[in-house]
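*Asks:* Under my numbering, the first residue of the sequence shown is numbered 9, with each subsequent residue one higher. Even for Gly, the Cβ is constructed at its ideal location relative to N, Cα and C. No experiment lies behind these values; they were computed from the predicted model shown.
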Amino acid sequence: MKEIILNHPLVEHKISILRRKDTSTKEFRELISELAMFLCYEALKDAELKDVEVETPITKTIGHVIDENNYAFVPILRAGMGMVDGVLQVMPNAKIGHIGLYRNEETLEPVEYYCKLPNNIESKTVIILDPMLATGGSGSEAISMIKKRGVKHIKFLSIIAAPVGLERIQNDHPDVEIYTAYKDSHLNENGYIVPGLGDAGDRIFGTK
Ligand code: PRP
Ligand code: URA
């Protein structure tokens, strides 16, 4: 199963505050960041370690570190940007790429407007960031764009996902692991996740 749902009281607690319509922009941003950190922690469970010599105040020993150069985070603009601070808390030296996609509000189809990825992206594990996985159209398109650059290892982090979006990604890209903090009920007639949290981009950037 490539769908990993965080199942933790702290996550439910934070998601419940995030959902409230009167949560302030400041608190909304902080919660998105914290939840992104938890997702990243979970997604790095299988990270490869290399041995390094460490000298403690007591003795020399062998420690184990992650080669951060093997990872790139790619937020989907705009809302994915809200997750960058959180994942950088966990892995501060990872490279960052950007993919610009927005959903056409009528067709719900993703429209591409930007793509800038780090050099040697094909040799890295790419971790895509987008708080909302609704129809899965944007997520699936972002994964295809990254695969076109030769990337073999891709993970997708979302904070809230609709069942239809999870299914879409698993059908289109069965090799990609999807980490989500909470699986919601369904989409409404406008393609919004129910109960959801509204428009994540607008809430992060205060645009509405
Ligand atoms: C939101 C969200 C995802 C997309 C999810 O972005 O951040 O990228 O919708 O919907 P989907 O799974 O049905 O494709 P939006 O298009 O609102 O753009 P924004 O981040 O610039 O606000
Ligand atoms: N994008 C959002 O920001 N929210 C939704 O509920 C669906 C797509």
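For the candidate residues N78, E117, G108, S41, whose alpha-carbon lies nearest to that of N127?
*Replies:* Per the Cα distances, N78.
*Asks:* Assuming F36 contacts I212 under a Cβ cut-off of 8 Å, what Cβ separation, rounded to an integer in Å, is found between them?
*Replies:* Indeed, because the Cβ distance is near 7 Å, the residues count as touching under 8 Å.
*Asks:* Taking the beta carbon of D138 as the centre, do at least 16 other beta carbons fall within 10 Å, making it buried, or is it exposed?
*Replies:* Buried, because 16 or more other Cβ atoms sit within 10 Å of the Cβ of D138.
*Asks:* Can you tell me where the alpha helix (DSSP H) holding R37 begins and where it ends?
*Replies:* Per DSSP, R37 belongs to the alpha helix (DSSP H) from 33-51.
*Asks:* From the DSSP secondary-structure annotation, give me the bridge partner or partners of A169.
*Replies:* A169 is bridged to L141, K191.
*Asks:* Does ligand 2 have a heavy atom nearer than 7 Å to the CB of I218?
*Replies:* Because the chain in this structure spans residues 9 to 216, residue 218 falls outside the shown range and cannot be described.
*Asks:* Across which residues does DSSP place V60 in a beta bridge pair?
*Replies:* V60 is bridged to G71.
*Asks:* Can you give the beta carbon distance from I168 to G214, rounded, assuming they're within the 8 Å contact cut?
*Replies:* The Cβ separation is near 19 Å, so there is no contact.
*Asks:* Tell me which same chain residues have a C-beta within less than 8 Å of the C-beta of K160, skipping the five on either side of it?
*Replies:* If we look at K160 and ignore the five residues flanking it on each side, its Cβ neighbours are E130.
*Asks:* Alpha helix (DSSP H) containing R27: first to last residue?
*Replies:* Residues 17-27.
*Asks:* Report yes if the C-beta of S146 is less than 7 Å from at least one heavy atom of ligand 1; otherwise report no.
*Replies:* Under cutoff, so the answer is yes.
*Asks:* Within 10 angstroms of its Cβ, does H181 collect 16 or more other Cβ (buried), or is it exposed?
*Replies:* The residue is buried, with at least 16 neighbouring Cβ atoms inside 10 Å.
*Asks:* Around the C-beta of T33, are 16 or more other C-beta atoms found within 10 angstroms, so that it is buried, or is it exposed?
*Replies:* Label assigned to T33: exposed.
*Asks:* When you compare only the Cα positions, how much space is there between V163 and I135?
*Replies:* The question names Val, but residue 163 is Lys in the sequence shown. Approximately 5 Å, taken between the alpha carbons.
*Asks:* Against chain B, with Cβ distances strictly below 8 Å, would R37 count as a contact?
*Replies:* The structure shown contains no chain B; it holds only a single protein chain.
*Asks:* Any heavy atom of ligand 1 closer than 7 Å to the CB of T188?
*Replies:* Incorrect: T188 has no Cβ contact closer than 7 Å to ligand 1.
*Asks:* Per DSSP, F164 is paired with what?
*Replies:* Beta-bridge pairing links F164 to I136, I186.
*Asks:* So M153 packs on I107, CB below 8 Å; how close in whole Å?
*Replies:* Their Cβ separation, rounded to whole angstroms, is 6 Å, which keeps M153 and I107 in contact under 8 Å.
*Asks:* Shorter than 7 Å, the distance from the beta carbon of L39 to the closest heavy atom of ligand 1, or not?
*Replies:* Answer for L39: no, Cβ out of range of ligand 1.
*Asks:* According to DSSP, is A80 part of a helix, a strand, or is it coil?
*Replies:* Strand at A80.
*Asks:* Near ligand 2, which residues have their beta-carbon closer than 5 Å to a heavy atom?
*Replies:* Cβ-based neighbours of ligand 2 within the cut-off: M140, A142, Y200, I201, G204, D207, A208.
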